[in-house]
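**Q** Residue numbers (the numbering used here), protein chains in the order written: chain A, 61 to 908; chain B, 39 to 268.
Backbone N, C-alpha and C define an ideal beta-carbon position, used for all residues, glycine too.
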Amino acid sequence: MRRVALKGLWLRRGRALLTTLAVVLGVAMVCGTFILTDTIDKAFDAIFTTGNAKTSAVISARNVVEESSSGKPTIPAALLEKVRAAPDVAEASGIISAAGFGTDQIRLVGRDGKTIGNPNAPKLAIGADWSVERFNPFTIAEGRFPRTDGELAIDRTTADKQDLEPGDELGVSGQGGKRTFTVTGIARYGEVNSLGGATIGLFDIPTAQKLLAKEGRFDTISVAVDPGVTDQQLKESLREVVGRDAAVRTGDEQAAEESKEIEEATSFIRYFLLAFGFIALGVGAFVIYNTLTITIAQRVRELATLRALGASGRQVRRSVLIEGLALGVIASVVGLVLGYFLAKGLSAAFVALGIDLPKTDQVVKPRTIIASLAIGIVVTAVASIAPARRATRISPIAAMQEGAKLPAKLGARRPVAGLIVLAVAAVLLGLGAFAGLKVTTALILLGAGCLVLFAAVGMLAHRAVTPLARALGAPAQRVGGAAGHLARENASRNPARTASTAGALMIGLALVTLVATLGEGLRSSNRKALENQVSADTVITAKNGFDTIPAAAGQAAAQIPGVQVYPVRHDRANAFGDGVSVDGLAPGIDRVVRLSTSGGPAFPGDGEAVVEREYATEHKLTVGSTLELTTPSAKKLDVTVSAFQERTSVQKIDPLFGKVVLSQETFEANFPRSGDQYVFVAGAVPATTIDRALKGFPDVEARSRAAWVTKRVDGIKTLLNLLYVLLALSVVVSLFGMVNTLVLTVFERTREIGMLRAVGMSRRQVRRMVRQESIITALIGAALGLPLGLLLARLLSSALADEGITFAVPGSALIVFTVVAIVAGVIAAIAPARRAARLDVLKALQYE
Amino acid sequence: MTSPVVTARGLTRVYGEGETAVHALRGVDLDIASGRLTAVMGPSGSGKSTLMHVLAGLDKPDGGSVSIAGVEVTGLDDKGLTELRREHIGFVFQFFNLLPMLTARENIVLPSEIAGEEVDAAWLDELVEKIGLTDRLGHRPSELSGGQQQRVAVARSLASRPTVLFADEPTGNLDSTTSAEILELLRSAVDGFGQTTVMVTHDPGAARFADRVVHLEDGQIASDETQVPS
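(1) Under 8 Å Cβ-Cβ, which residues of chain B neighbour A/G373?
(2) Give the DSSP-derived three-state secondary structure of A/F108 in the structure shown.
(3) Should B/M39 be flagged as near chain A, meaning a C-beta pair shorter than 8 Å?
(4) If you check the beta carbons only, do A/F740 and A/V599 fall under 8 Å apart?
(5) Spell out the partners DSSP gives B/P200 in its beta bridges.
(6) At 8 Å on the CB atoms, spell out the chain B contacts of A/L369, in chain order.
(7) For my contact list, A/P182 and A/F263 are in at a C-beta cut-off of 8 Å; report their separation, rounded to the angstrom.
(8) Between the stretch 141-161 of chain A and the stretch 204-219 of chain A, can you find at least three pairs of beta-carbon atoms closer than 8 Å?
(9) Identify whether B/F129 lies in helix, strand or coil by the three-state DSSP scheme.
(10) Kindly give me the distance between the Cβ atoms of A/I525 and A/T558, rounded to whole angstroms, as I take these residues to be in contact under 8 Å.
(11) Pick helix, strand or coil for B/M39, following the three-state DSSP scheme.
(12) Chain B beta carbons: is any one of them nearer than 8 Å to that of A/K777?
(13) At what residues does the alpha helix (DSSP H) containing A/T353 begin and finish?
(14) Span of the beta strand (DSSP E) holding A/Q615?
(15) Quick test of your reading: A/A284 and A/K114, contact by CB under 8 Å. State the CB separation rounded to the nearest angstrom.
(16) Helix, strand or coil: how does DSSP classify A/S872 here?
(17) Just confirm the distance between the C-beta atoms of A/D736 and A/H630, as a whole number of angstroms; I'd bet it's less than 8 Å.
(18) Give the DSSP-derived three-state secondary structure of B/Q258 in the structure shown.
(19) Return helix, strand or coil for B/S183, following the three-state DSSP convention.
(20) Output, in chain order, the set of chain B residues within a Cβ distance shorter than 7 Å of A/G68.
(21) List the DSSP bridge partners of B/H17.
(22) Answer with buried or exposed for B/S41, where buried requires no fewer than 16 other C-beta atoms within 10 angstroms of its C-beta.
(23) Can you tell me which of the three DSSP states A/M821 falls into?
(24) Count the CB pairs spanning the stretch 233-243 of chain A and the stretch 607-622 of chain A that are closer than 8 Å, and state whether there are at least three.
(25) Run the CB neighbour count on B/G48, radius 10 Å, all protein chains shown included, and call it buried at 16 or more, exposed below.
(26) Please specify which runs of the alpha helix (DSSP H), each continuous and at least 4 residues long, are wholly inside the stretch 489-520 of chain A, giving them in chain order.
(27) Report the residue from A/I504, A/A547, A/A441, A/R367 whose alpha carbon sits nearest the alpha carbon of A/T80.
(28) Quick one, which residues of the stretch 186-217 of chain B are near chain A if we go by CB-CB under 7 Å, in chain order?
(29) Using 10 angstroms around the beta-carbon of A/S685, count the other beta-carbons present and answer buried if the total reaches 16, otherwise exposed.
(30) Under three-state DSSP, which class holds A/P692?
(31) Identify the contact partners of B/D97 in chain A, using a Cβ-Cβ distance below 9 Å as the criterion.
(32) Using a Cβ-Cβ cut-off of 7 Å (strictly less than) and excluding sequence neighbours within five positions of A/A150, which residues of its own chain qualify?
(33) Are the CB atoms of A/N586 and A/V721 nearer to each other than 8 Å?
(34) Roughly how many angstroms separate the alpha carbons of A/L899 and A/I813, rounded to a whole number?
(35) If you reduce the DSSP assignment to three classes, tell me which class A/Q269 lands in.
(36) So is B/K86 buried or exposed if we call it buried at 16+ other beta carbons inside 10 Å?
In structure tokens, the structure reads:
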């Protein structure tokens with residue numbers, strides 16, 4: 061029996077291949093994601109290992125506040141002398157390094173006055189004693205290392221892109237604005253020219269300290285050990301020297317620590333991309349289910365013969381399952397290979413976006429292979445269970461009957477099962493949307509609810525197919541005449557089949573509609589909220605809109621006559637054992653910003669904090685209670701809660717201010733090297749004039765209020781586009797399903813098409829008939845998917861309606877999606893229509 | 039003479055309900071003798087196909103009983119019927135029903151394979167020689183003519199030495215020359231191996247090869263004659 065199943069599959073290999081494509085894409089996505097993220101991890105691992113290769117131990121300050129925009133805490137420079145004097149220490153050297161985020165970065169400015177490098181890539185700056193070769197992972201390719209103020213060395217890639225040679229001049233912008241430096245050398249990091257597209261600037265220590273406002277401080281101290289002492293022993297003795305404020309790690313530990321941070325970022329990318337791989341696999345399961353059902357319907361006589369020859373129901377079921385399993389194995393293996401190349405393509409895409417990943421061989425871990433194969437095989441096998449069960453209900457009598465049909469699906473007439481599944485979906489979605497659970501729990505419930513809802517609609521949709529086909533096919537009939545009429549009838553001939561074909565497309569369309577609707581709702585309510593809150597004439601921010609900018613930028617703008625500036629200082633602090641965002645508001649800022657509060661005055665006085673209501677409730681803070689903050693420099697600070705910030709839900713998603721708002725004076729007295737999140741400007745001076753005054757700050761931009769609101773609101777557009785691209789994958793998978801169904805349908809109707817040709821239908825009309833059936837099916841998918849997406853969006857937004865999230869129907873997007881569905885229908889029909897039109901009339905009529 | 043291997047008593051079978059009900063069988067009693075070729079004849083709608091389906095356990099009668107080799111067929115569940123088909127029943131179909139993905143040889147041994155039994159190699163050789171397709175055993179059905187396909191199908195039905203072989207219009211899809219070859223093959227299996235065979239046909243030419251011809255009309259036996267096969 062296994063041989064029968066496998067040989068049968070081989071005989072139908074062309075069609076089987078088409079079927080597997082649905083799963084291949086999903087598996088490729090899963091596998092490609094794993095390979096890509098593993099490769100990135102390994103590449104950075106290698107870099108950090110190189111960097112710490114000859115270092116026995118690294119001393120750094122304890123990290124107090126995660127993700128502080130002013131960078132990690134520093135250690136006093138004086139510590140270096142103590143370390144040098146410690147036992148077992150052969151050599152020690154202090155290092156200044158800017159991680160490249162927030163105010164902790166130095167930007168290189170090109171001749172055009174713009175920051176060099178991709179906006180998304182970090183900008184590394186390192187200050188070190190370059191004469192100490194032992195700790196220096198850089199080698200000079202041309203020129204020499206910098207020695208004094210006004211000199212720097214840069215990486216090869218930046219030098220090539222900017223056409224710079226030793227001796228050329230280059231702008232450097234740190235905390236104090238832009239200055240002109242001289243390039244003294246071109247450096248390489250170990251063997252590589254570039255570190256993930258980051259620009260690299262190398263300085264001598266005092267210069268780096270000044271540029272980053274870290275005078276008298278180091279970020280780390282690298283230590284080399286005397287011969288005969290282990291790194292671990294050195295670590296122990298150093299611990300006594302540095303005390304509690306600084307951490308000591310061995311070189312290996314330091315490399316692992318640095319890798320860990322990258323791995324956290326890549327694991328986010330991993331899960332994000334995997335989610336879309338899984339969506340594609342879910343759609344693929346629909347397609348596999350549908351195709352197997354059709355192929356079984358076409359092999360009724362064959363399966364009945366097996367039964368008549370003594371095969372038991374169980375043997376028939378097993379043979380269908382084996383076929384499904386074989387399809388799953390083939391699809392997964394092909395998907396695995398495709399995923400390998402997909403990962404290559406994705407890294408090439410990153411390079412094209414300017415994020416130059418360090419070059420290493422692609423990493424294929426056993427986990428990648430096992431997970432990709434397992435998930436592809438399981439999905440296919442599960443999708444073949446229902447068709448296999450149906451196959452067992454074929455009676456052996458069908459072996460002797462002409463035109464025997466596959467027995468109806470169990471319970472097809474009674475919608476009870478479908479309604480139960482629908483109820484389960486409703487419960488899950490209801491809980492997720494209304495029960496006020498934690499965000500992650502709610503999202504998991506909503507996601508699961510979505511999946512179950514799709515299954516329920518898939519189970520019930522065949523009832524809607526006939527009326528839908530009638531309505532949607534009406535234009536086809538008007539345009540296509542007889543061919544259109546037949547297309548319309550054909551589409552509703554086997555409602556269950558049409559429903560599951562359209563169902564696959566429905567999922568993709570429902571998800572893009574959901575995304576588009578929520579995006580539209582967020583955009584419009586966010587715009588209203590921002591316009592309501594901010595009345596400044598001009599707003600100065602970082603070009604990318606979210607980094608902090610040096611405080612000097614606002615001071616530069618303040619020099620313009622007729623201009624009043626109100627900066628918002630920003631950083632993170634620790635409270636209650638966790639990080640929290642903190643802002644410092646300039647005095648008089650109430651002229652340009654509204655802060656809606658309760659329980660006290662809108663703006664904090666010195667030593668006071670206006671705390672976000674939910675945060676306050678969570679930590680049992682009332683007006684008058686004391687809030688203890690720990691700043692990134694480990695300074696403790698007590699403030700008195702003076703009022704609560706009240707946020708609408710859109711403000712929770714895109715808050716203007718941090719959860720804790722202090723006065724500027726309190727903030728500056730306690731936070732190190734603070735930067736500004738925004739500088740609000742009042743005064744009838746055009747934004748362009750202000751922008752000109754900010755020339756020394758290449759990453760800073762002044763925009764008029766309207767332009768700033770639009771830019772901020774459009775931030776969601778990038779996310780939407782990314783989601784569209786990823787969801788397109790599932791639409792493509794459903795397209796394969798449509799092609800598959802049409803090919804099988806044409807095959808099934810060979811004799812009928814022969815008859816139609818014999819009575820005078822032209823090839824053109826045959827093509828039109830198939831094409832229009834395909835379009836009708838696609839439109840049924842749209843007719844189910846778009847309302848479903850709107851419904852899901854409505855559910856989500858109505859749960860948040862009280863707080864200002866509006867439900868906005870994205871009209872133009874819906875039209876675009878409908879057009880996409882029609883185009884999908886036309887594309888899916890190309891090959892099957894051609895095939896139908898080419899049938900030899902005589903042979904088709906004799907076809908048995 | 040020998041004792042009957044298939045016994046049917048009072049068989050009735052009704053399709054549909056009420057006014058549109060079709061009485062395919064209206065009380066049929068029949069004994070099929072061992073080692074004989076019995077032809078069941080009758081016009082379209084006479085109930086001959088239904089009779090064969092019921093006799094072979096493919097369809098359940100509304101009334102009456104059938105037993106094959108002493109086993110009461112009408113009381114068997116799906117599992118029992120599967121066992122019955124494996125041990126006692128062989129089929130030859132009008133449209134051959136060979137599996138397209140298997141070679142002729144693989145088709146012939148398929149029933150044994152399904153039942154998980156060893157194929158008797160000597161018996162297989164004898165059969166293959168009998169159907170005269172020794173050199174075409176490696177071919178797929180699509181590479182064989184209709185007559186050759188039906189010969190493979192006959193070999194397949196004989197391979198497991200069934201108690202009774204049911205042939206449903208075995209010549210219905212063949213020209214007259216090929217038909218004669220297939221009928222001779224079936225006849226020689228009866229004469230050579232004592233293969234009990236029931237053949238449903240509407241072709242009087244085919245019925246001439248039988249030892250006994252049962253005529254069915256309107257679901258009842260109209261005539262039942264023993265003859266000397268030509």
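**A** Taking the geometry as given:
(1) D116, T120
(2) helix
(3) Caution is warranted here: a pLDDT of 46 is assigned to B/M39, below 50, making its placement in the model unreliable, and no coordinate value can be reported.
(4) yes
(5) For B/P200, which the question treats as bridged, DSSP gives no partner whatsoever.
(6) R123, F129, L148, P149, I152, R194
(7) Wrong, their Cβ atoms sit about 16 Å apart, outside the cutoff.
(8) no
(9) strand
(10) For the sequence presented, residue 525 of chain A should be read as Val rather than Ile. So it is a contact: roughly 5 Å between Cβ atoms.
(11) At B/M39 the pLDDT is 46, less than 50, meaning the model places this residue with poor confidence; the figure from the coordinates comes in the next sentence. DSSP places B/M39 in coil when its eight states are reduced to three.
(12) no
(13) 311-358
(14) Note, A/Q615: premise wrong, no beta strand (DSSP E); alpha helix (DSSP H) at 611-618.
(15) 7 Å
(16) helix
(17) 7 Å
(18) strand
(19) coil
(20) M139
(21) Missing from the structure shown is residue 17 of chain B; chain B here goes from 39 to 268 and no further.
(22) exposed
(23) coil
(24) yes
(25) exposed
(26) 499-520
(27) A/A441
(28) D206
(29) exposed
(30) coil
(31) S455, I457
(32) A284, V285, D286
(33) no
(34) 8 Å
(35) helix
(36) buried
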